[in-house]
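Numbering (this note's numbering), first residue to last: 64 to 305. Worksheet for the structure shown next.
Below is the structure:
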């Protein structure tokens with residue numbers, strides 16, 4: 064991660080409309096899917112500094128894995144433990160997980176197929192994966208360069224990747240649909256005038272509230288509609304019973 068991005072990440076996660084809206088969609092999705100007894104063990108892959116742990120800890124015993132040591136302030140937190148290491152086949156925990164999250168992680172990986180297979184191996188039978196990724200290659204901008212993305216995913220490509228790893232995809236939908244025209248305008252501007260990657264900042268208060276409100280309104284109106292493209296994808300997949 065870009066060092067300046069890493070320094071700002073906590074503030075962005077806490078205050079920026081995009082991070083707040085994404086978190087709300089994730090938590091609403093998990094609320095619908097949580098079994099009565101909870102998930103048991105939970106793993107947040109690419110967890111950063113464990114900023115989602117306080118919410119996840121209400122659903123089970125939380126662990127995270129983060130390869131970038133510079134953004135982890137402490138490995139043991141009040142809400143869970145962070146493994147500071149790569150997520151690969153050498154990661155062999157003591158037990159499997161009822162829930163694994165990969166929130167905007169796959170697009171950074173050189174071998175996302177191997178990562179998906181690793182997730183499948185680490186899930187309990189009937190265990191759940193929740194994954195988010197940036198969507199649609201034709202929305203590529205300088206922001207993807209800043210984030211060191213390898214790709215942006217079409218819905219069908221993400222579904223095929225998860226299915227090839229042995230995961231049954233139960234839901235897959237675009238969100239942040241309203242951002243598609245804004246991204247297209249930005250992409251056109253960058254093609255004509257050029258564009259240097261810039262670390263995002265929290266917008267002014269009123270604009271920040273407006274964009275968060277637009278994102279919430281979209282989710283309330285369109286919900287799980289998959290027919291309209293969006294700038295992000297969310298998928299839920301499950302390891303089949305043995």
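In this text, a Cβ means the ideal position worked out from N, Cα and C, and glycines have one as well. Remember, predicted model here, so these are calculated numbers, not experimental data.
- Item | residue 151 versus residue 178: straight-line alpha-carbon distance, rounded | Here residue 151 is taken as the residue at index 88 of the chain shown, counted from 1. Here residue 178 is taken as the residue at index 115 of the chain shown, counted from 1. Going from the Cα of residue 151 to the Cα of residue 178 covers about 7 Å.
- Buried or exposed: which applies to residue 175, given that a residue is buried once 16 or more other Cβ atoms fall within 10 Å of its Cβ? For the purposes of this step, residue 175 is taken as residue 112 along the chain shown, with counting starting at 1. Buried, since its Cβ has 16 or more Cβ neighbours within 10 Å.
- Task: Can you have a look at residue 198 and say buried or exposed, based on whether 16 or more other CB atoms are within 10 angstroms of its CB?
- Result: Position 135 of the chain shown holds residue 198. Result: buried.
- Message: Need the endpoints of the alpha helix (DSSP H) that residue 194 sits in, please.
- Response: In the chain shown, the residue the question calls residue 194 occupies position 131. Per DSSP, residue 194 belongs to no alpha helix (DSSP H); it is in the beta strand (DSSP E), 186–197.
- Close-in-space but distant-in-sequence residues of the same chain around residue 119 (CB under 6 Å, 5 per side omitted): Here the question's residue 119 lines up with position 56 in the chain shown. For residue 119, where only same-chain residues beyond five positions count, the Cβ hits under 6 Å are 105, 125.
- Item | Buried versus exposed call for residue 298 [16 or more other C-beta atoms within 10 Å across all chains shown] | Locating residue 298 in the chain shown gives position 235, counting from the first residue. It counts as buried.
- Message: Among 262, 231, 162, 189, whose alpha-carbon lies nearest the alpha-carbon of residue 206?
- Response: Along the chain shown, one-based indexing puts residue 206 at 143. Nearest C-alpha to residue 206: 262.
- What residues in its chain sit with their C-beta under 6 Å from that of residue 114, if we drop five residues either side in the sequence? Locating residue 114 in the chain shown gives position 51, where the first residue counts as 1. So the list reads 76, once near-sequence residues are dropped.
- Message: For residue 110 and residue 208, what's the separation of their Cα atoms in angstroms?
- Response: Here residue 110 refers to the residue found at position 47 of the chain shown. Here residue 208 refers to the residue found at position 145 of the chain shown. If I take the Cα positions, the gap works out to 21 Å.
- Could you give the DSSP three-state label for residue 258: helix, strand or coil? Counting from one through the chain shown, the residue named residue 258 turns up at place 195. Coil.
- Item | Sufficient close CB pairs (3 or more, under 8 Å) joining the region 212–230 to the region 255–273 | no
- Task: Starting from the Cα of residue 171, find the closest Cα among 163, 145, 131, 185 and give me that residue.
- Result: As a position in the chain shown, residue 171 is number 108, starting the count at 1. With distances taken between Cα atoms, residue 171 lies closest to 131.
- Among 117, 122, 159, which has the Cα closest to the Cα of residue 139? If you number the chain shown from 1, residue 139 lands on position 76. Nearest option by C-alpha distance: 117.
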